[in-house]
Structures are given as C-alpha cells and as structure tokens.
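Following: one structure in structure tokens, then a few remarks.
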Amino acid sequence: MEQWNVEAFRDRAKKFTEDARALSNDFQYAIGLREKQKEGEDMKKKICTVLAIIGGIIAFCGLAYGVYRLLAPDYLEDYEDYDDLEDEDYLEEE
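According to this note's numbering, the sequence shown is numbered sequentially starting from 3.
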C-alpha cells in the first residue's frame with residue numbers, strides 16, 4: 003500500500019503544478035521583456051530616421067544658401083562706392 007499512497011501523489015502533484023506555474027511566469031516575464039525591448043528598438047529606429055531626415059533638410063538648406071551667397075551679386079558694395087565718390091566731388095567743388 004505504501005507504493006500507492008494518495009497523499010504522496012497529491013503532494014507531488016501540488017509541487018509539480020507550483021513549479022509549472024513558476025516556470026510559466028518566468029517565461030511570460032521573459033517574453034514581456036523581449037517585446038518591450040523590441041518596442042524600444044523600434045522607437046530608436048523611428049527617432050534616428052526622423053533626425054536623419056531633419057539633418058538632410060538642414061544640409062540641403064545650408065548648401066542652397068551657400069550657392070546663393072556665392073552667385074548672388076552684392077549690390078551694397080557698388081552702391082556705397084558711388085555714393086562716396088559723389089560726396090568727395092561735391093566737397094571739392096565748394
């Protein structure tokens with residue numbers, strides 16, 4: 003009769019179910035952490051993509067401004083030169 007002790011089977015079954023629940027909880031926790039890490043990685047990728055696009059736009063604008071400054075004539079220097087000559091001529095005539 004000792005081989006078929008019901009109390010021993012019941013105790014072993016309780017221990018087995020507790021171990022299975024603990025293992026299941028550990029797996030669920032590990033899966034949850036993995037999903038959170040994937041969400042974090044996805045967020046990092048999105049942020050890097052947005053920053054790369056903004057950086058590209060800024061670089062393009064800087065290049066366009068540099069080309070504009072290089073090719074645009076500077077009218078202020080021409081205007082000031084003529085203005086100074088007229089003032090000198092006017093003062094010499096008096």
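For glycine and all other residues, C-beta sits at the position ideal for the given N, C-alpha and C.
For residue i, does the three-state DSSP call read helix, strand or coil?
{"i": "ALA74", "result": "coil"}
{"i": "ASN27", "result": "helix"}
{"i": "MET3", "result": "Note that MET3 scores 48 on pLDDT, short of 50, meaning its location in the model is unreliable; the coordinates nonetheless yield the value given after this. Of the three classes helix, strand and coil, the one that applies to MET3 here is coil, per DSSP."}
Does residue i get closer than 8 Å to chain B when you measure Cβ to Cβ?
{"i": "ASP21", "result": "Looking at the structure shown, chain B is missing, and only one protein chain is on hand."}
Determine the burial state of residue i: buried for a count of at least 16 other Cβ atoms within 10 Å of its Cβ, exposed for fewer.
{"i": "ALA66", "result": "exposed"}
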